[in-house]
Amino acid sequence: MGGKLDKVIFPAPSPSYYAQEDFEDNGGKLIYVPKAAEESKNYSSGGILSCVKGLDTEDNPFDYTDTFPCYYIPCLTGSDKVVVYFHGNGEDLGYATDVLREIVRIMKCHAIALEYPAYGVCFEEKADAFEIKKRALSLQKYLSEAFGFKEKNIILYGRSIGSGVATYVASRMNPGLVILHSPYSSIGSVALQITKLYYIPKVFIKERFDSKNCIKNIKCPIYITHGKVDDIIPINEAEKLIEEIEKYDIPLKYDFWEGKGHNDMHMEDEVFHPALQFMEEQSFKINSKTSKKNLQNFELAKFIEDQSKAAF
Numbered sequence: 001m002g003g004k005l006d007k008v009i010f011p012a013p014s015p016s017y018y019a020q021e022d023f024e025d026n027g028g029k030l031i032y033v034p035k036a037a038e039e040s041k042n043y044s045s046g047g048i049l050s051c052v053k054g055l056d057t058e059d060n061p062f063d064y065t066d067t068f069p070c071y072y073i074p075c076l077t078g079s080d081k082v083v084v085y086f087h088g089n090g091e092d093l094g095y096a097t098d099v100l101r102e103i104v105r106i107m108k109c110h111a112i113a114l115e116y117p118a119y120g121v122c123f124e125e126k127a128d129a130f131e132i133k134k135r136a137l138s139l140q141k142y143l144s145e146a147f148g149f150k151e152k153n154i155i156l157y158g159r160s161i162g163s164g165v166a167t168y169v170a171s172r173m174n175p176g177l178v179i180l181h182s183p184y185s186s187i188g189s190v191a192l193q194i195t196k197l198y199y200i201p202k203v204f205i206k207e208r209f210d211s212k213n214c215i216k217n218i219k220c221p222i223y224i225t226h227g228k229v230d231d232i233i234p235i236n237e238a239e240k241l242i243e244e245i246e247k248y249d250i251p252l253k254y255d256f257w258e259g260k261g262h263n264d265m266h267m268e269d270e271v272f273h274p275a276l277q278f279m280e281e282q283s284f285k286i287n288s289k290t291s292k293k294n295l296q297n298f299e300l301a302k303f304i305e306d307q308s309k310a311a312f
């Protein structure tokens with residue numbers, strides 16, 4: 001049941017890319033990031049290290065040492081912030097580059113997205129929610145250790161199915177902000193609607209991304225945006241999350257958009273500009289000066305490209 005349900009929940013489209021040359025010339029790079037090894041000696045004493053403490057074997061994300069693909073677009077004017085985009089289940093990195101470009105253009109941040117198993121160049125792999133968790137946490141580790149980004153300068157942006165990944169990661173580290181676009185309270189809550197498997201009792205659907213349960217471990221501000229007529233992930237899913245968030249001392253802003261569904265929200269006006277406004281309200285500023293540190297950051301594409309070549 002588990003593997004079959006993962007495949008249905010993550011119905012990968014036909015690959016839109018196979019190599020760097022398949023992407024438009026947008027200043028970005030298809031890169032390969034190493035999966036984190038538990039025995040790494042370079043973890044900080046808290047933050048990302050804490051995500052491996054107290055976890056059983058099944059939920060321990062740090063047991064692989066190979067690589068996974070990501071797409072990275074640097075902000076060439078310099079930025080001390082990076083947005084990590086967890087895409088929806090109907091897109092791969094090739095489709096996600098449009099979103100990454102908008103992040104760089106509007107938010108003036110670096111932007112990176114990871115690929116899910118069974119998607120894009122990972123098409124031969126099995127759909128696996130647990131593997132997505134491993135990759136997501138490994139990327140945060142790499143952003144901190146190799147890229148030099150402080151956790152507070154990492155912004156997590158999860159869209160649709162990806163909102164559960166963003167919430168999960170936020171519960172394991174301490175990012176500066178979480179943006180949840182058409183989120184759900186838990187996969188178990190919406191799986192029957194996504195899969196149309198109405199004859200399967202919910203109790204048999206093992207929870208993959210329980211966003212509601214992750215909330216209690218999140219400390220950073222959360223911005224939620226959702227269409228009022230979303231028929232894929234109904235707005236009541238966002239309302240459940242909001243109800244849970246309001247139990248804790250977590251800065252929160254949310255917008256529900258009239259007449260908007262799951263895939264027709266305006267990225268600039270209904271996602272990124274409101275998120276930037278919320279950041280300003282929280283005194284969470286983006287430093288776009290071309291300082292030495294920021295120059296290091298926008299040169300990371302070359303650095304990580306060299307690293308990925310060395311891995312092969």
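End of the sequence shown sits at 312 in this note's numbering; the numbers just go up one at a time, nothing left out.
Yeah, the Cβ is synthetic: ideal placement off N, Cα and C, and Gly gets one too.
Note that the coordinates shown come from a computational prediction; the quantities given were computed from them, not determined experimentally.
Beta-ladder partner(s) of GLY227, from DSSP: Mapped onto the sequence shown, residue 227 falls at position 227. Partner(s): TRP257.
Would you say ILE224 lies against chain D (beta-carbon separation less than 8 Å)? Protein chain content of the structure displayed is limited to a single chain, and chain D is not contained in it.
From the DSSP secondary-structure annotation, give me the bridge partner or partners of TYR71. Here residue 71 refers to the residue found at position 71 of the sequence shown. DSSP lists LEU30, ALA113 as partners of TYR71.
DSSP on GLY88, reduced to helix/strand/coil? What you label residue 88 is simply residue 88 of the sequence shown in a count that begins at 1. Note: GLY88 maps to coil in three-state DSSP.
Count the CB pairs spanning the region 144-154 and the region 114-133 that are closer than 8 Å, and state whether there are at least three. no
Close beta carbons around ALA238, own chain, < 6 Å, minus the five adjacent residues each side: Here the question's residue 238 lines up with position 238 in the sequence shown. If we look at ALA238 and ignore the five residues flanking it on each side, its Cβ neighbours are PRO183, ILE224, HIS226.
In angstroms with no decimal places, state the Cα-to-Cα distance between ALA36 and PHE130. If you number the sequence shown from 1, residue 36 lands on position 36. If you number the sequence shown from 1, residue 130 lands on position 130. Taking the straight line joining both Cα atoms gives about 14 Å.
Should THR57 be labelled buried (16 or more other beta-carbon atoms within 10 Å of its own) or exposed? In the sequence shown, counting from the first residue as 1, residue 57 sits at position 57. Reliability of the predicted coordinates at THR57 is poor, the pLDDT of 38 falling under 50, and the value obtained from them is presented with this limitation in mind. When all chains shown are included, THR57 counts as exposed.
In three-state terms, what does DSSP make of ILE161? Indexing the sequence shown from 1 puts residue 161 at position 161. Note: ILE161 maps to helix in three-state DSSP.
How big is the Cα-Cα spacing for SER186 and ALA127? If you number the sequence shown from 1, residue 186 lands on position 186. If you number the sequence shown from 1, residue 127 lands on position 127. Their Cα atoms are separated by approximately 18 Å.
Quick check: what's the CA-CA separation for LYS141 versus PRO34? Working through the sequence shown from its first residue, we reach residue 141 at position 141. Working through the sequence shown from its first residue, we reach residue 34 at position 34. Distance between the alpha carbons of LYS141 and PRO34 is about 10 Å.
Between the CA atoms of MET107 and LEU114 - distance to the nearest angstrom: On the sequence shown, position 114 is the one that residue 114 refers to. On the sequence shown, position 107 is the one that residue 107 refers to. Cα to Cα, the separation comes out at about 19 Å.
Bounding residues of the beta strand (DSSP E) (the contiguous stretch that carries VAL178): Start at 1 with the first residue of the sequence shown, and residue 178 comes out as number 178. From DSSP, the beta strand (DSSP E) with VAL178 extends over 177-181.
Can you tell me whether LEU137 is helix, strand or coil according to DSSP? Stepping through the sequence shown from its first residue, residue 137 is reached at position 137. Here LEU137 sits in helix by DSSP.
Contacting residues, own chain, Cβ-Cβ under 6 Å from PRO61 (five flanking each side not counted): Mapped onto the sequence shown, residue 61 falls at position 61. Caution applies to PRO61, whose pLDDT of 43 falls short of 50 and renders its modelled position unreliable; the model cannot decide the point.
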